[in-house]
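Q: Chain order of the listed sequences is P and F. Residue numbering for the first sequence follows the numbering used here, beginning at 37 and increasing consecutively. Residue numbering for the second sequence follows the numbering used here, beginning at 37 and increasing consecutively. Each residue gets a CB set at the ideal place from its N, CA and C atoms; glycine is no exception. Provided herewith is a single structure, encoded as structure tokens, for subsequent inquiry.
2 protein chains.
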Amino acid sequence: MRTSIATVCLSGTLEEKLRAAARAGFDGVEIFEQDLVVSPDSPEAIAKLAGELGISLDLYQPFRDLEGVEEAQFQKNLKRAETKFQLMARLGIDTILLCSNVGTATISDDGVVVEQLRRLGDLADSYGVNVAYEALAWGRFVSEYDHAWDLVKAADHPRIGTCLDSFHILSRNTDLSRIAEIPGEKIFFLQLADAPALTMDVLSWSRHHRVFPGEGAWDLSDFLTRIAATGYAGPVSLEVFNDSFRQSDTNRTAVDGLRSLRWLEASIADTPGKAAESQQSAGSAGPGSALDLQPLPEVEEPRGINYVELSTDDLGTLTRQMHQLGFQFIGYHRSKPHVQLWLRGQARIIVSEVTEEAGTTSAPVNGTFLRGIGFEVTDSQSAMDRAALLHAEEVPRDQAHDDEVLRGVFAPDGSEVFFHQFDAATPAWIKEFGHDHDEQVSHIDHVNLAQPSNHYDEAVLFYTSLLALHAQSSQDVPSPSGLVRSQVMSSTDGSVRMPLNVSPQPNAEAVAGRGIGSVVEAYPEHVAVACEDIFQAAATALSRGLDFLPVPQNYYEDLDSRFDLDLEFLQRLQENHVLYDWDEHGEFLHFYTSTIGSVFFEMIERRGDYLGFGAPDAPVRLAAQHRKNSQRGA
Amino acid sequence: MRTSIATVCLSGTLEEKLRAAARAGFDGVEIFEQDLVVSPDSPEAIAKLAGELGISLDLYQPFRDLEGVEEAQFQKNLKRAETKFQLMARLGIDTILLCSNVGTATISDDGVVVEQLRRLGDLADSYGVNVAYEALAWGRFVSEYDHAWDLVKAADHPRIGTCLDSFHILSRNTDLSRIAEIPGEKIFFLQLADAPALTMDVLSWSRHHRVFPGEGAWDLSDFLTRIAATGYAGPVSLEVFNDSFRQSDTNRTAVDGLRSLRWLEASIADTPGKAAESQQSAGSAGPGSALDLQPLPEVEEPRGINYVELSTDDLGTLTRQMHQLGFQFIGYHRSKPHVQLWLRGQARIIVSEVTEEAGTTSAPVNGTFLRGIGFEVTDSQSAMDRAALLHAEEVPRDQAHDDEVLRGVFAPDGSEVFFHQFDAATPAWIKEFGHDHDEQVSHIDHVNLAQPSNHYDEAVLFYTSLLALHAQSSQDVPSPSGLVRSQVMSSTDGSVRMPLNVSPQPNAEAVAGRGIGSVVEAYPEHVAVACEDIFQAAATALSRGLDFLPVPQNYYEDLDSRFDLDLEFLQRLQENHVLYDWDEHGEFLHFYTSTIGSVFFEMIERRGDYLGFGAPDAPVRLAAQHRKNSQRGA
């Protein structure tokens, strides 16, 4: 599948955009006119640079407000088009995007539009240019893809085709079945964008909130399958207007974009039956293979979180807290002198002490922070191969010759994601710490990660495409310093659950130690450990002197008014610093520890089939952490 | 007018919110339930603190999902209400907000709701509590204020009244005339919020985008006038859910909120006829004076920008650029040894050199930045008095005994706003620099100020309320590092024009030197000077070696395709680095200088009645500045 990206998706100068697209591995780009206008490089220099970078210039865009106008205006518009055709010759671009008229159309008459398209086609022909006519969702008289196609079909000119843009089509909820009527060779260009489900005016939605495929709410696999069935053989291009992407690192955004296309491509390539089916039902004769779709190594949903690795320069404080929570020290790694293993049943925490001599270039050096997560996957080699093809950066790692080979990649938040071969028995690597088995019933229930706000959508796609996790609907959680956006990524059976949290403080968006951006006040991350008896765990923790996160009396009084709780039970909750939630499936009991560096723990007990994370309690936690921070600051 | 604010408007802990509200000068607060639940302070401690701070606790809110339910559920709801009444007794609050049922209502029968309200009233009576029933815009069966009022009227219970919230009413575009039917004493509470004109689902609009009165698109003067006419005598309270306010400095937000109420109050108090009129037309007998509205000293729109003050630690570079632009050095201030005056016709620039010995506590010390603006007002004393009553902070200023008395305040972006007595003749203070008059035709056309993103709405209200400027519709301008939000504040005749720009880079939101937040890359500000002949100005500048901001060749080629320009004229533009725009009223020609510190200049010539600021050229400028910055960084 030939991949392309509109320069408007990326930040930076036009030159920076071209370099980023090429470095990420795109085959081509769409030149967004304004990027060229503000560039000091001539069209010839841009064409030359693209040649040197090995990327094609696939489209010049946009050309606006041509058709559906009176003759005098149309003459002017044709003249304006001609200057663009001349410019395209200098750029070496043979296709231009024509958007349906938004601003100047006065004639709602398909016959007039067809005739004007045909005349534009004649002019385009003299310059060897193809015109891809696209219905903007907010076009004055033409706003539906099938209307645009009817016009193109009626124009019946070899230089006039249509451009299909998933945003303009899916945002209007138009019936997709007529895509099958369009012969692939009359689709002159294909633009993809995903979008979150928002209820707002479509223009603002389009200009600010588009995201890459897999980062929104739409089924772009279905959409692309329908296009493939037409026999379309051109580039599959991303056109995403997104406020965050515009201000993010351009190389990261380009990689994110290409990942989305590779993932989407594979989602169709993996299911060849789907394309054939859709094609059949649409009655089209298109071969569906013209896109040359490449699969990726398959990945199934992870079976669980094998371990969490914490890095610390404050070993005593951290391991004391773990001991208070009932974790047992197992041993040091036989070949890594600063690495310990702690277990609580199946909950495994690796603690890497960062000492001055142990500091390597790859390891960040300060604080206590969540360094990585080991996921149990059914085929670790396949998962790693897939990750590499999805342009994830591999974690450099020293390994003794007889250690289990663990490979992993960096997530967008800088944490390390390792792929472990799933095995129902105790994992092999545990033996490297001199441990055989454990019988306590406890496991890692979920891990809560802080995300830099500009890379939030990237994170969703990362976990979706590499680990087949699913994005649940996001929530806003009030905190004393603003709303925290919380997005749970999870496997279907809930064995892997990761709430991703975006801090409201732009300066606090970095995770201490992982070296993403500047750190003012890191938003804390946590490991939630499930146990069988929260009161027993709390009693142990109390007796061992745990610094619980304080829960206000007002909270318990409010609990009493919200739920019809037994007074004795309520008292027991309060005495043990335990918070409580309830839904129709079951109950949730949990307590929090104080924060060390940027990490804290949560101990939880799920009763029945409670599926959530105690969302009503999150503001209580955030307020308590805010007070602790303020006290520390004072 | 008694003022109040919901704690949910402010960031921080409940204690911090109470202190901020009191410090700003509010008479009372609404306690938002969640703020209490997450607080470690008992209800009694909160009540005590409020007493010590001298603020009243006016409302407990919200109570949800009471009415329109089956009997068994209603019994539970009553019990839940009772726990809140008990809690309110501990807080010393006598009014609770009851929102129309959103989640659990199953019975769409006004009779049932009336009966349930009456029963709630009986229970409330036994606790001495008043219930203010409010129609939420997204209520299940009750979503209009007049429907809620009909229900309250039918319930006919002394403990049941209504709450009017401008958001829920104005967001639905409901006819306001029925407000006049409500006796003031049955309005148990009044909540005000403004909002920008957005097309989106009303729940998200309400939860994230409310702003203080004067910061949005609604006519709250009219709304409050109608309420005043009912004879309502209770607090006028702000209930504003806003993502930025939630993460901003709580004291600043509180001041911003109180300013909005004082401004709104005065807007009605200033026009006593209006309230009477509205009252008459509504046929109500309410006195309209129960709110005890206080006026503010009047301010008329400013007549012009008297001067701009630049502060610099690089005097030579700055004044060389000003000389290149045709500014003339006039002299040093007679009593301030580091302060120079430069003139170009009526365009006056004061240059304050910041030297190590001159550095005072109030003056920031580094860089070249825009320090302040002198506005010409018809009554400077009145403007200053008004500013003080609107809680603006006065600029401390040394003054020799025989100098003109200049007083001013700090704007939200840290710049200084000075009020000059308008006088058609040459301003008196100019003589302090040994200058009498000037004949060159030139003036300050506009000043472009960078705004910290979290204080954007505050800035709009500041200039509206202190200087009677008007907010024009905002625009997004693409730059290589993201979209720049641009909002023009101007006087009706255009003699004062200030585009306010919010940088897309959260870390770059500060203005160098003015000490707002941390500065990574300051978004540059500029002074635009109008001249009679842009080509002559450019020629002078060229001959004096000005470092023009470079304009790409591609820009001129695009100009050619956009406008039907004479080739010779186009060449002349290009040779002189002059950019060009056109609208139906006239033409705009302008060039930019390079940036010194965080300041640059723009020289402009307006032909005809062109009203804009060359918006299509702004991306060209931003891209060129980005390239210069990148080069400097490399």
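(1) Is W618 of chain F helix, strand or coil by DSSP?
(2) Among the candidates P:L260, P:M534, P:T353 and P:P488, whose CA atom is the shortest distance from the CA of F411 of chain P?
(3) Buried or exposed: F248 of chain P, going by 16 or more other Cβ atoms within 10 Å of its Cβ?
(4) Establish whether the CB of N590 of chain P and some CB of chain F are separated by less than 8 Å.
(5) Taking Cβ-Cβ distances shorter than 9 Å, what residues in chain P pair up with S92 of chain F?
(6) Can you list the residues of chain P that L72 of chain F reaches, using a CB-CB cut of under 7 Å?
(7) Could you tell me which residues DSSP pairs with P514 of chain F in its beta bridges?
(8) For L379 of chain P, which of P:D583, P:L406 and P:F469 has the nearest alpha-carbon?
(9) Please report the straight-line C-alpha distance between F458 of chain P and A660 of chain P, rounded to a whole angstrom.
(10) So what does DSSP say about Y592 of chain P, is it helix, strand or coil?
(11) How far does the beta strand (DSSP E) with W378 of chain F in it reach, from first residue to last?
(12) Look at the alpha carbon of V65 of chain P and the alpha carbon of G450 of chain P, and state the distance between them as a whole number of angstroms.
(13) Name the residues in the segment 282-302 of chain F whose C-beta lies less than 8 Å from a C-beta of chain P; which are they?
(14) Tell me whether N113 of chain F sits in a helix, a strand or coil according to DSSP, three-state version.
(15) Hey, how far is the Cα of E361 of chain F from the Cα of S579 of chain F?
(16) Determine contact between the segment 651-666 of chain F and the segment 511-523 of chain F, defined as no fewer than three beta-carbon pairs at a distance below 8 Å.
(17) For the segment 77-108 of chain F, which residues have a CB atom closer than 7 Å to at least one CB atom of chain P, in sequence order?
(18) Can you tell me where the alpha helix (DSSP H) holding V453 of chain P begins and where it ends?
(19) DSSP three-state call for D230 of chain P: helix, strand or coil?
(20) Kindly confirm or deny that the segment 352-368 of chain F and the segment 419-430 of chain F touch, where touching means at least three C-beta pairs closer than 8 Å.
(21) With H562 of chain F and V635 of chain F assumed to form a contact (beta carbons below 8 Å), what rounded beta-carbon distance in angstroms separates them?
(22) In terms of alpha-carbon separation, which member of P:G633, P:E638, P:L153 and P:Q364 lies closest to N665 of chain P?
(23) Please report whether the beta-carbon of S509 of chain P lies at a distance below 8 Å from any beta-carbon of chain F.
(24) Taking a Cβ distance cut-off of 9 Å, strictly less, list which residues of the segment 623-649 of chain P are near chain F, in chain order.
(25) Under 8 Å Cβ-Cβ, which residues of chain F neighbour G518 of chain P?
(26) Flag this pair as yes or no: are the beta carbons of T261 of chain P and I304 of chain P separated by less than 8 Å?
(27) In the DSSP assignment, the alpha helix (DSSP H) including Q283 of chain F goes from what residue to what residue?
(28) Along chain F, in chain order, which residues have C-beta atoms closer than 8 Å to that of S75 of chain P?
(29) So, under 8 Å CB-CB, T142 of chain P and Y181 of chain P are touching, yes? Tell me the CB distance rounded to an integer number of Å.
(30) Taking all protein chains shown into account, decide if G395 of chain P is buried (16 or more other Cβ within 10 angstroms of its Cβ) or exposed.
(31) For L354 of chain P, which residues in the same chain have their Cβ closer than 7 Å to its Cβ, ignoring the five residues on either side in sequence?
(32) Kindly indicate which three-state DSSP category T198 of chain P falls into: helix, strand or coil?
(33) Taking P655 of chain F as the query, report the chain P residues whose CB atoms sit under 7 Å from its CB, ordered along the chain.
(34) Given that K120 of chain F touches chain P, what residues does it touch there, using C-beta distances under 8 Å?
(35) List, in chain order, every chain P residue whose beta-carbon is nearer than 8 Å to that of T235 of chain F.
(36) Take every Cβ of the segment 63-77 of chain F, pair it with every Cβ of the segment 89-100 of chain F, and state whether three or more of those distances are shorter than 8 Å.
A: According to the structure data:
(1) If you number the second sequence from 1, residue 618 of chain F lands on position 582. DSSP places W618 of chain F in strand when its eight states are reduced to three.
(2) Mapped onto the first sequence, residue 411 of chain P falls at position 375. For F411 of chain P, the nearest C-alpha among the options comes from P:M534.
(3) Working through the first sequence from its first residue, we reach residue 248 of chain P at position 212. With 16 or more other Cβ atoms within 10 Å, it is buried.
(4) Taking the first sequence and counting its residues from 1, the one referred to as residue 590 of chain P is at position 554. Chain F, which has a Cβ nearer than 8 Å to the Cβ of N590 of chain P, makes this yes.
(5) By one-based count along the second sequence, residue 92 of chain F stands at place 56. Result: empty, since nearest Cβ-Cβ is about 20 Å, beyond 9 Å.
(6) Within the second sequence, the letter at position 36 stands for residue 72 of chain F. Those within 7 Å of L72 of chain F in chain P are N590.
(7) Along the second sequence, read from residue 1 onward, the residue named residue 514 of chain F stands at position 478. Answer by DSSP bridge pairing, in chain order: F:L519.
(8) Working through the first sequence from its first residue, we reach residue 379 of chain P at position 343. That would be P:F469, whose Cα lies nearest to the Cα of L379 of chain P.
(9) Indexing the first sequence from 1 puts residue 458 of chain P at position 422. Indexing the first sequence from 1 puts residue 660 of chain P at position 624. Rounded to whole angstroms, F458 of chain P to A660 of chain P spans 38 Å at the Cα level.
(10) The residue labelled residue 592 of chain P in the question sits at position 556 within the first sequence. Helix at Y592 of chain P.
(11) The residue labelled residue 378 of chain F in the question sits at position 342 within the second sequence. Where W378 of chain F is concerned, the enclosing beta strand (DSSP E) stretches over V375 to R380.
(12) As a position in the first sequence, residue 65 of chain P is number 29, starting the count at 1. As a position in the first sequence, residue 450 of chain P is number 414, starting the count at 1. So the two alpha carbons sit approximately 28 Å from each other.
(13) R282 and Q283
(14) Translated into positions along the second sequence, residue 113 of chain F becomes position 77. Helix at N113 of chain F.
(15) For the purposes of this step, residue 361 of chain F is taken as the residue at position 325 of the second sequence. For the purposes of this step, residue 579 of chain F is taken as the residue at position 543 of the second sequence. The question names Glu, but residue 361 of chain F is Leu in the sequence shown. Looking at the two C-alpha atoms, the distance is approximately 10 Å.
(16) yes
(17) S78
(18) Residue numbering aside, residue 453 of chain P sits at position 417 when the first sequence is read from its first letter. Note, V453 of chain P: premise wrong, no alpha helix (DSSP H); beta strand (DSSP E) at E452 to Q457.
(19) Along the first sequence, one-based indexing puts residue 230 of chain P at 194. Residue state, collapsed to three classes: strand.
(20) no
(21) As a working note, residue 562 of chain F is residue 526 in the second sequence. As a working note, residue 635 of chain F is residue 599 in the second sequence. Going by Cβ atoms, the distance from H562 of chain F to V635 of chain F rounds to 7 Å, so yes, they are a contact pair.
(22) To locate residue 665 of chain P, count along the first sequence from 1; it is residue 629. Of the candidates P:G633, P:E638, P:L153 and P:Q364, the one whose C-alpha sits nearest the C-alpha of N665 of chain P is P:G633.
(23) Within the first sequence, residue 509 of chain P is the residue found at index 473, counting from 1. False, the Cβ-Cβ gap to chain F never drops below 8 Å.
(24) none
(25) By 1-based counting over the first sequence, the position of residue 518 of chain P is 482. The answer, in chain order, is S47, D279, R282 and Q283.
(26) The residue given as residue 261 of chain P occupies position 225 in the first sequence. The residue given as residue 304 of chain P occupies position 268 in the first sequence. Result yes, Cβ atoms of T261 of chain P and I304 of chain P sit closer than 8 Å.
(27) Mapped onto the second sequence, residue 283 of chain F falls at position 247. Premise fails: Q283 of chain F is in no alpha helix (DSSP H) and is neither H nor E.
(28) Taking the first sequence and counting its residues from 1, the one referred to as residue 75 of chain P is at position 39. Within 8 Å Cβ-Cβ: P588, N590 and A659.
(29) Your numbering for residue 142 of chain P matches position 106 in the first sequence. Your numbering for residue 181 of chain P matches position 145 in the first sequence. Actually they are not in contact, since the Cβ atoms of T142 of chain P and Y181 of chain P sit about 23 Å apart, beyond 8 Å.
(30) Here residue 395 of chain P refers to the residue found at position 359 of the first sequence. Reliability fails at G395 of chain P, whose pLDDT of 47 lies under 50, so the model's placement of it is uncertain and no value is given.
(31) For the purposes of this step, residue 354 of chain P is taken as residue 318 along the first sequence, with counting starting at 1. Here the set comprises L346, T348, V387, T404 and I632.
(32) Within the first sequence, the letter at position 162 stands for residue 198 of chain P. Here T198 of chain P sits in strand by DSSP.
(33) Counted from its first residue, the second sequence places residue 655 of chain F at position 619. Per Cβ cutoff of 7 Å: Q70 and V74.
(34) Start at 1 with the first residue of the second sequence, and residue 120 of chain F comes out as number 84. Neighbours of K120 of chain F on chain P, chain order: S597.
(35) In the second sequence, counting from the first residue as 1, residue 235 of chain F sits at position 199. Residues of chain P passing the Cβ test: M236, D237 and S240.
(36) yes
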